[in-house]
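Asks:
Chains as they are written, first to last, in my numbering: chain A, 310 to 1014; chain B, 107 to 514.
The structure is reproduced here in structure tokens:
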């Protein structure tokens, strides 16, 4: 306010000026004193007299003003002067003065933090919770919270909790949300009490005030932690208000609303699916809001809205802002993990724009898509083949190189593309790109040795002789020694899985329980980082997995194989004996779902085995050995465990669902229930399939027991 | 810290050494709060918005100059609103007892005032039009000559967001609306606001009854008394001085009328490196209404160099904004029922058929004075006890475009 100028030398004049009847002048003088009292403690003491006199003024406004500012003076020794006025302020007949005095107690405590807490003040504050003025009551809570911080804050016992709940209606919205927050600390004794409280709070859930609504929802989620149905009901009733916040005129509020919708989506994605249009971006919105909205749109995709959402996202891909355009492309890629064909068409179409940042983002998306959905490999390779623009940024280059290395046999121009990179090696700065180039050239060499041999030699030579970066040089040396051990050995170590080896879960991301995020609901944390967390994870995940896979290739490959072969021997014997199940091309999720919905169950029986406790990877490997392909497993800890598998035999396609813990089959008691659908029908194939399935599962169970 | 905020990427919440900074942007100013605790973001953002609104109420307008000139007033306000970091009160009725300083008003020339001129649909005072500065003066001016004027403004403000597909099908239409009261009456008296009698809330239980004015969801300020709302659609409230939002409502997907604008675009490659964009824009408002400040933004290929245009009247302008790679076509006035056309020739080196994909989607912004998309109207506005001849009541309607996108 003084534009940085130190005006503390005027302190003496200001002390004199404080003795005035003009309230505006008083206020400004007090502001001055509060600012500079720390610099001039000795002079500030002179002002105390005037302040104390004002504390006894007949006008409550003057009393309150003086008391407030006196407590704001931060200088040593002030406490002895303010103690008395505060105590008399607590008993003042004007509520305005009482409000100030109550907070004064907290200020006094913060001035002498290490002294003993005065129990009489604490008791007085607890008593003042019954004050008729609602602001005094809330200030008491605030003051007690500060004073008793070391002991865990103000105690919310049953009488206080009920008192607060009953007075909630009299408070203004700020106080309401603060009280609701404090009530998180209270735990009701019985379910009856709990439901009484919840029904009392019910109206606040649809409050027009976003802070009150959010605080109430958080309290609901917390109190009803043991009643998931109540939580779900509260979430669905808060949906309207939350959506209204997302469309609020204040964009900061909009952002907060969106971040909280993201949290809710972690548990209940279905709730907002039909409202997807609310999350379409507006051109006038700032980037940070649009990025959030795209993240949300990805979560909301289902069979009905996928076309419209993709169309909307597609229109963002040509946005002026590179960040937004790339985020939109990545979003389409995420949807592509479920709706592969539709998204591949859009992504391939974007390549035609021939714009660097778009091409780069599309190639990165392709890499992730191929990793997660192996069935998209063919079209992706064709698209990469047809694209004559290469990405110029590091991320894009790495993605393209990975694709060339992993699926070089499907991209006829792969050696030429790689050669281009090798020719430009001297001007390449990024060591990550060089490492990727080494790996992918070596991989391509294994699949197409004739075309690649020469350039691999050049590359290794350059990297070992002329490269300055130690990591790249070491990697080149490692590959060189690896090649010396022979191509078969190299292949065995270098070539890992080219797609996600872990199981994909049936419906996208698993729904998390509410408790995972409820504690951060309506806190700043939900706005800063964590909101973006889960959306970015899968992409990072894939990177990690790529690394993990590489690691496995290099060092731990053989060990892993040993692990997988464990169940192999007894199985393959059994399988070979009578079975003619055959593996075929993988079936996409969409195709499986369509078939499953179209077909009737031809056979259903309870297998006399329990679910093997193995991790899904082992299960899948075991199934694969007997030519049963796996589509999806539910999480291992799910109450209702499911797995979808399929196989082909004698010209028919068999689809099966394994189910454990079906509620309508209590007598099965953890035994697996298998339902089989088939096209075309062939009973003997079903019998064969069942016997194989049973044997695999029995072997697995006996192995572990 | 504030200087570190870049224009486009304010992440609302920032942390630095265990201190959280939360900010909002209003009136071209950053309003920043800092806290050490993990407080409720909704509360802090709402409080900052409220602080900005109160500053506007008390100072008359919200800009750097008015904040600088009214330092003492704003300090007084803050001192009463917040004590030791705790919000004490934000109600104008309570605060006005404590605020002693007079507001210093500047008379800034603002384009907003100009645009306001047309939108005073004075329903209660047919012949008079309120001066444009009427609603941008401080609420408390005891001694100035203007202070004697007892006025109350009721604004119905709607924001519409629409997406129209490339085939002309309406894909999304949302309306967010609110009824705002701006009150300069020194004494509180009960005000009764009558809405359309056929106003209904909720998913069309009244389908097929024709002219019903319908909204999906509706919420009210806690001071609004609703005892006559269910039967007569009357809101009762004792307005406090300053601005308040009495009612907020949303309508999604079902507009009672056609969207205000339709676009018929043709995009083709001319000979050479020239791109032809022919736009025919029709305004589907009733003939009596007019859209103001219409601007149409057409994204063009990244490599576009220059633009030549043929517009249908001289008051329109169009230019190529190289930074945004878009053509901006502005139309100051657009009467309902009219149709305008424009031909843009864009020079694009290396034009290919793929470049055509970069044209679009077209976005528009505009305001529609005296028009509500939901059809919500205020039947009457009564004050009781009536101030004989003293008070002037104004009802205004306006629809803003929140987002109006037409795909090509």
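The beta carbon of each residue, even a glycine, is placed where N, CA and C say it ideally should be.
What is the C-beta distance between residue 669/A and residue 705/A, in whole angstroms, given that I count them as a contact (C-beta under 8 Å)?
Replies: Working through the first chain from its first residue, we reach residue 669/A at position 360. Working through the first chain from its first residue, we reach residue 705/A at position 396. The Cβ separation is near 3 Å, so the contact holds.
Asks: Tell me where the beta strand (DSSP E) around residue 508/B begins and ends.
Replies: For the purposes of this step, residue 508/B is identified with residue 402 of the second chain, where counting begins at 1. Residue 508/B -> beta strand (DSSP E) spans 497 to 512.
Asks: Is residue 963/A near residue 987/A, with beta carbons less than 8 Å apart?
Replies: Locating residue 963/A in the first chain gives position 654, where the first residue counts as 1. Locating residue 987/A in the first chain gives position 678, where the first residue counts as 1. Cβ distance < 8 Å, so residue 963/A and residue 987/A count as in contact.
Asks: Just checking: is the beta-carbon of residue 627/A within a distance shorter than 8 Å of some beta-carbon in chain B?
Replies: Within the first chain, numbered from 1, the residue matching residue 627/A stands at position 318. Chain B contact via Cβ: present.
Asks: Nearest by alpha-carbon distance to residue 392/B: which of 260/B, 511/B and 367/B is it?
Replies: Residue mapping note: residue 392/B aligns to position 286 of the second chain, counting from 1. Closest option to residue 392/B, Cα to Cα, is 367/B.
Asks: Considering only residues of the stretch 315 to 367 of chain B, which uninterrupted beta strand (DSSP E) runs meet the minimum length of 3 residues and lie entirely inside it, listed in chain order?
Replies: Those beta strand (DSSP E) runs which fall completely within the stretch 315 to 367 of chain B and span 3+ residues are 319 to 321, 323 to 326, 340 to 343 and 348 to 358.
Asks: Let's see if you can read the secondary structure: which residues bound the beta strand (DSSP E) around residue 759/A?
Replies: Sequence index remark: in the first chain, residue 759/A carries index 450 (1-based). Looking at the DSSP string, residue 759/A is not in any beta strand (DSSP E); the run it does join, the alpha helix (DSSP H), is 758 to 774.
Asks: Using a Cβ-Cβ cutoff of 9 Å, what residues of the stretch 548 to 575 of chain A are near chain B? List them in chain order.
Replies: So the close ones are 549, 550, 552, 553, 554, 556, 557, 558, 559, 560, 561, 562, 564, 565, 566, 568 and 569.
Asks: Assign residue 380/B to one of three DSSP states: helix, strand, or coil.
Replies: Against the second chain, residue 380/B aligns to sequence position 274. Reduced to three states, the DSSP call for residue 380/B is strand.
Asks: Which value, in whole angstroms, describes the spacing of the CA atoms of residue 426/B and residue 599/A?
Replies: By 1-based counting over the second chain, the position of residue 426/B is 320. By 1-based counting over the first chain, the position of residue 599/A is 290. For residue 426/B and residue 599/A, the distance between alpha carbons rounds to 24 Å.
Asks: Just to confirm before moving on: does the CB-CB distance between residue 195/B and residue 319/B stay below 8 Å?
Replies: Sequence index remark: in the second chain, residue 195/B carries index 89 (1-based). Sequence index remark: in the second chain, residue 319/B carries index 213 (1-based). No, they are not a contact pair.
Asks: In chain A, which residues lie less than 8 Å from residue 278/B when you measure between Cβ atoms?
Replies: By one-based count along the second chain, residue 278/B stands at place 172. Per Cβ cutoff of 8 Å: 586 and 589.
Asks: Could you tell me which chain B residues have their CB closer than 7 Å to the CB of residue 520/A, listed as they occur along the chain?
Replies: Position 211 of the first chain, counted from the first residue, corresponds to residue 520/A. Simply 146, 148, 149 and 152.
Asks: Inspect the CB distances between the stretch 987 to 1000 of chain A and the stretch 513 to 527 of chain A and report whether three or more fall short of 8 Å.
Replies: Contact fails: fewer than three Cβ-Cβ distances are below 8 Å.
Asks: Could you give the C-beta distance for residue 450/A and residue 497/A, rounded to a whole number, given that I count them as a contact under 8 Å?
Replies: Against the first chain, residue 450/A aligns to sequence position 141. Against the first chain, residue 497/A aligns to sequence position 188. With a Cβ gap of about 19 Å, residue 450/A and residue 497/A do not count as contacting.
Asks: For residue 840/A, is the classification buried or exposed, using 16 other Cβ atoms within 10 angstroms of its Cβ as the cut-off for buried?
Replies: Along the first chain, one-based indexing puts residue 840/A at 531. Because residue 840/A carries a pLDDT of 37, less than 50, the predicted location of this residue cannot be relied on, and the following value inherits that uncertainty. Counting Cβ neighbours within 10 Å, residue 840/A comes out buried, since at least 16 surround it.
Asks: Starting from the C-beta of residue 516/A, find all residues in its chain whose C-beta is less than 6 Å away, skip the five residues before and the five after it, and write them out in chain order.
Replies: The sequence position of residue 516/A within the first chain is 207, counting from 1. Here the set comprises 522.
Asks: Have a look at residue 792/A and residue 713/A and give me their C-alpha separation to the nearest angstrom.
Replies: For the purposes of this step, residue 792/A is identified with residue 483 of the first chain, where counting begins at 1. For the purposes of this step, residue 713/A is identified with residue 404 of the first chain, where counting begins at 1. For residue 792/A and residue 713/A, the distance between alpha carbons rounds to 20 Å.
Asks: Which term fits residue 561/A, buried or exposed, when burial requires 16 or more other beta carbons within 10 angstroms of its beta carbon?
Replies: To locate residue 561/A, count along the first chain from 1; it is residue 252. Result: buried.
Asks: So, is the C-beta of residue 416/A closer than 8 Å to a C-beta in chain B?
Replies: Along the first chain, read from residue 1 onward, the residue named residue 416/A stands at position 107. By this cut-off, residue 416/A is an interface position.
Asks: What are the start and end residues of each continuous alpha helix (DSSP H) run of 4 or more residues lying completely inside the stretch 138 to 204 of chain B, in chain order?
Replies: The qualifying runs are 147 to 165, 170 to 175, 177 to 187 and 198 to 201.
Asks: Would you decide whether residue 363/B is buried or exposed? Buried here means 16 or more other CB atoms lie within 10 Å of its CB.
Replies: Counting from 1 along the second chain, the entry for residue 363/B is found at position 257. Exposed: under 16 other Cβ atoms inside 10 Å.
Asks: Assuming residue 405/B contacts residue 466/B under a Cβ cut-off of 8 Å, what Cβ separation, rounded to an integer in Å, is found between them?
Replies: For the purposes of this step, residue 405/B is taken as the residue at position 299 of the second chain. For the purposes of this step, residue 466/B is taken as the residue at position 360 of the second chain. Yes, they are in contact, since the Cβ atoms of residue 405/B and residue 466/B sit about 6 Å apart, within 8 Å.
Asks: From 835/A, 782/A and 788/A, pick the residue whose C-alpha is nearest to that of residue 575/A; which is it?
Replies: Mapped onto the first chain, residue 575/A falls at position 266. The candidate whose alpha carbon is nearest that of residue 575/A is 835/A.
Asks: Given a cut-off of 8 Å, decide if residue 896/A and residue 1002/A are closer than it, judged by their beta-carbon atoms.
Replies: Indexing the first chain from 1 puts residue 1002/A at position 693. Indexing the first chain from 1 puts residue 896/A at position 587. Not in contact: residue 1002/A and residue 896/A (Cβ atoms no closer than 8 Å).
Asks: What whole-angstrom Cβ distance do residue 921/A and residue 984/A have, given they're in contact under 8 Å?
Replies: Sequence index remark: in the first chain, residue 921/A carries index 612 (1-based). Sequence index remark: in the first chain, residue 984/A carries index 675 (1-based). Between residue 984/A and residue 921/A the Cβ distance is about 19 Å, and since that is not below 8 Å, they are no contact.
Asks: Can you tell me where the alpha helix (DSSP H) holding residue 624/A begins and where it ends?
Replies: The sequence position of residue 624/A within the first chain is 315, counting from 1. Element bounds for residue 624/A: 615 to 625.
Asks: Which stretch, first to last residue, makes up the beta strand (DSSP E) that contains residue 280/B?
Replies: As a working note, residue 280/B is residue 174 in the second chain. Element bounds for residue 280/B: 276 to 289.
Asks: Name the chain B residues that come within less than 8 Å of residue 832/A, Cβ to Cβ?
Replies: What you label residue 832/A is simply residue 523 of the first chain in a count that begins at 1. In chain order: 144, 145, 146 and 147.
Asks: Starting from residue 695/A, follow the alpha helix (DSSP H) in both directions and report where the run begins and ends.
Replies: On the first chain, position 386 is the one that residue 695/A refers to. Residues 686 to 695.
Asks: Would you kindly work out how many angstroms separate the C-alpha atoms of residue 846/A and residue 643/A, rounded to a whole number?
Replies: The residue you call residue 846/A lines up with position 537 of the first chain. The residue you call residue 643/A lines up with position 334 of the first chain. Because the pLDDT at residue 846/A is just 36, under 50, the model does not fix this residue reliably, and the point stays unresolved.
Asks: If you follow the beta strand (DSSP E) that residue 917/A is part of, which residue opens it and which one closes it?
Replies: Sequence index remark: in the first chain, residue 917/A carries index 608 (1-based). Residue 917/A -> beta strand (DSSP E) spans 910 to 919.
Asks: When you compare the CB of residue 368/A with every CB in chain B, is at least one pair closer than 8 Å?
Replies: Within the first chain, numbered from 1, the residue matching residue 368/A stands at position 59. By this cut-off, residue 368/A is not an interface position.
Asks: How is the alpha helix (DSSP H) around residue 357/A delimited, first residue to last?
Replies: Within the first chain, numbered from 1, the residue matching residue 357/A stands at position 48. It spans 350 to 363 - the alpha helix (DSSP H) in which residue 357/A sits, taken as one unbroken run.
Asks: Please state whether DSSP places residue 988/A in a helix, a strand or coil.
Replies: Counting from 1 along the first chain, the entry for residue 988/A is found at position 679. The answer is strand: DSSP assigns residue 988/A an E or B state.
Asks: Would residue 341/B and residue 482/B be called neighbours here (beta carbons separated by less than 8 Å)?
Replies: One-based indexing of the second chain puts residue 341/B at position 235. One-based indexing of the second chain puts residue 482/B at position 376. No, these two residues do not count as a Cβ contact at 8 Å.
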